[in-house]
Amino acid sequence: MSNTDVHPQIQEEVARLAGFPEVRSALGRFRFEEPQIAQWQMDVSRLPAPPFGENLRAEWLANRFREIGLTEVEIDEVGNVFGVRPAYGRHFVSLSAHIDTVFPATTPLNVRQQGSRLYGPGVSDNGAGIAALVAVASVLCSSQVPHTLPIVFIGNVGEEGEGDLRGMRHVFQTPRWRDSISSSVIIDGAGSDTVVAEALGSRRFEVIVRGPGGHSWSDFGAPNPIIVLARAIQMLSETPVPASPKTTFNIGVIRGGTSVNSIPESASMRVDLRSTSMVEIDRLERALRIALDHAVDAENRPASARGGRRPHAAQCEVLEIGNRPAGELPPDSRLLKVIRAVDGLLGNTAQVQRASTDANIPLSLGREAIAIGGGGTGGGAHTLQEWFDCTGRDLGLRRILLTMLALAGMGE
Ligand SMILES: [Zn+2]
């Protein structure tokens with residue numbers, strides 16, 4: 038980020054609140070709390086949290102929220118955990134971290150510490166995020182820093198893969214939160230050197246083609262679902278996509294057929310469409326559907342020419358299996374100015390990035406949202422070799438706390 042983007046007024050405001058004695062002492066606390074923060078991180082990482090199975094972590098987090106002194110602690114019907122630090126305003130600023138992992142319930146969660154490093158599946162994504170969420174809430178509560186807008190702390194379910202952002206989607210479908218959260222900070226993984234301000238959208242489909250099937254010799258001419266898919270893939274693959282906004286498509290899985298001398302009764306494929314622009318995703322979805330229509334027609338044509346009847350024609354079903362909306366933080370948004378001012382004050386450099394995170398949901402609704410790391414460094418996300426290094430974590434935590442205070446505001 039270039040310094041020319043720093044907004045002098047917001048920079049002054051951030052410097053002013055960082056100078057309050059209670060804020061200074063709160064910011065200084067993180068370094069001393071590190072052993073406790075690492076312990077929270079290991080404790081939560083030892084609880085399995087596969088997509089649609091996050092309840093153990095939700096209970097754990099609700100207990101931490103109560104211990105710390107957040108109010109209105111509750112778990113909603115999909116398993117999201119909420120805790121509130123009350124204040125005076127009507128709107129909330131939210132700080133959230135996803136509590137799910139990509140690992141199935143049977144994955145051994147061998148979480149251990151060696152020096153400044155933590156090892157174990159999920160320890161960084163999103164053990165680091167959850168630890169930061171609890172750490173910031175804890176320091177804020179115990180140091181009694183006053184702020185104008187109330188802050189809601191959220192541990193949400195369903196960020197990864199098939200979870201399809203269901204936790205955050207539910208938060209923004211619940212009238213209480215949808216109508217009151219004015220800006221959202223999402224903590225995802227480790228680090229303090231990025232700001233995700235552009236939401237990469239994706240739409241995923243399972244395409245199933247069915248036909249009458251038959252013998253490769255005696256039923257030759259019956260529509261073949263694998264050929265339908267092949268024709269459709271060929272046509273889709275010729276669809277032009279712009280370099281900007283970056284737009285991509287992929288056929289990631291293809292299945293079908295039973296034996297070399299059978300005309301298959303069914304074949305299926307999984308398709309992934311991505312872009313930072315919803316318009317491009319819609320356009321690609323249309324291209325996919327047109328390609329499938331053409332392919333089905335082309336494959337059914339010989340059958341109808343021979344007087345084949347409709348029940349024996351190939352048919353195609355398209356199921357949506359994922360939908361993450363795209364969105365973008367406007368360059369002049371207050372949230373972007375705040376995080377830049379905070380980074381300026383802390384001497385931190387960060388890159389604006391584009392990714393698919395929980396921020397997709399508020400961004401797609403036109404709300405201000407960013408996703409940032411929970412400090413420290415990490416690697417090997419989504420593997421059993423995942424690690425997190427606590428060195429310098431307090432920079433990331435100070436960055437989060439200052440951002441939250443600047444967003445929530447502190448009276449004169
Ligand atoms: Zn994550």
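Just so it is clear: in the sequence shown, position 140 is 177 by the numbering used here, and no numbers are missing.
Where a beta carbon is used, it is the ideal one built from N, C-alpha and C, also for glycine.
Give me the Cβ distance between residue i and residue j, rounded to the nearest whole Å; I'm assuming they're in contact under 8 Å.
i: Leu186; j: Phe102; result: Actually they are not in contact, since the Cβ atoms of Leu186 and Phe102 sit about 19 Å apart, beyond 8 Å.
i: Arg240; j: Glu365; result: 17 Å between Cβ atoms; not a contact.
i: Arg203; j: Thr313; result: The pair is not a contact, with the Cβ atoms about 22 Å apart (cut-off 8 Å).
i: Ala387; j: Thr285; result: Actually they do not touch by this definition, with Cβ atoms about 25 Å apart.
i: Val118; j: Leu146; result: Not a contact, Cβ separation roughly 20 Å.
i: Val233; j: Thr394; result: 6 Å
i: Ala443; j: Leu54; result: 6 Å
i: Trp214; j: Val222; result: With 8 Å as the limit, Trp214 and Val222 do not qualify as a contact, their Cβ atoms being about 15 Å apart.
i: Gly251; j: Ile300; result: 5 Å
i: Ile224; j: Ser131; result: With a Cβ gap of about 11 Å, Ile224 and Ser131 do not count as contacting.
Does the beta-carbon of residue i have 16 or more other beta-carbons within 10 angstroms, so that it is buried, or is it exposed?
i: Ile167; result: buried
i: Gly411; result: buried
i: Val110; result: buried
i: Asn287; result: exposed
i: Arg346; result: With a pLDDT of 48 at Arg346, under the threshold of 50, the modelled position of that residue is not reliable, and no figure is offered here.
i: Tyr125; result: exposed
i: Thr440; result: buried
i: Leu372; result: buried
i: Leu402; result: exposed
i: Gly164; result: buried
i: Pro212; result: exposed
i: Asp330; result: exposed
i: Thr138; result: buried
i: Asn193; result: buried
i: Ala280; result: exposed
i: Asp369; result: exposed
i: Phe257; result: exposed
i: Asp380; result: buried
i: Val244; result: buried
Using the three-state DSSP reduction, which class does residue i fall into: helix, strand or coil?
i: Gly90; result: coil
i: Met306; result: strand
i: Ser180; result: helix
i: Gln210; result: coil
i: Ala350; result: coil
i: Arg247; result: strand
i: Ser131; result: strand
i: Gly157; result: coil
i: Trp424; result: strand
i: Thr440; result: helix
i: Arg361; result: strand
i: Ile136; result: coil
i: Val278; result: coil
i: Val316; result: helix
i: Ala236; result: strand
i: Ala52; result: helix
i: Leu146; result: coil
i: His252; result: strand
i: Phe190; result: strand
i: Gly345; result: Its pLDDT being 47, under 50, Gly345 is placed unreliably by the model, and the measurement read from it follows with that caveat. Residue state, collapsed to three classes: coil.
i: Ala387; result: coil
i: Leu356; result: strand
i: Phe57; result: coil
i: Glu109; result: strand
i: Gln46; result: helix
i: Ser175; result: helix
i: Gly293; result: strand
Please tell me whether, using a cut-off of 6 Å, the distance from the CB of residue i to the nearest non-hydrogen atom of ligand 1 is below it.
i: Asn163; result: yes
i: Asp230; result: no
i: Asp380; result: no
i: Asp225; result: yes
If we cut at 7 Å on Cβ distances, does residue i have a partner in chain D?
i: Ile191; result: Considering every chain present, this structure includes no chain D. It has just one protein chain.
Enumerate in chain order the residues of its own chain whose CB-to-CB distance from residue i is below 7 Å, with the five nearest sequence positions on each side excluded.
i: Ile47; result: Lys374, Val375, Ala378
i: Glu322; result: Arg240, Leu310
i: Phe67; result: Ala172, Val176, Asp431, Leu434, Arg435
i: Pro282; result: Ser312, Thr313, Ser314, Glu317
Once you ignore the five residues that flank residue i on each side, which residues in its own chain have a CB closer than 6 Å to its CB?
i: Gly120; result: Phe102, Leu107, Val110, Phe190
i: Ala510; result: For residue 510 there is no data in the structure shown, the boundaries of the chain being 38 and 449.
i: Leu438; result: Val173
i: Ile74; result: Ala168, Ala172
Given residue i, which residues of its chain have a CB within under 8 Å of its CB, disregarding the five upstream and five downstream residues?
i: Gln78; result: Leu155, Val160, Gly164, Ala165, Ile167, Ala168, Phe425
i: Gly417; result: Ser161, Glu423, Trp424
i: Asn337; result: Pro260, Gly345, Ala350, Ala351
i: Leu382; result: Gln48, Val51, Ala52, Ala55, Leu439
i: Glu196; result: His135, Asp137, Asn163, Leu202, Gly204, Met205, Asp225, Thr394, Asp395
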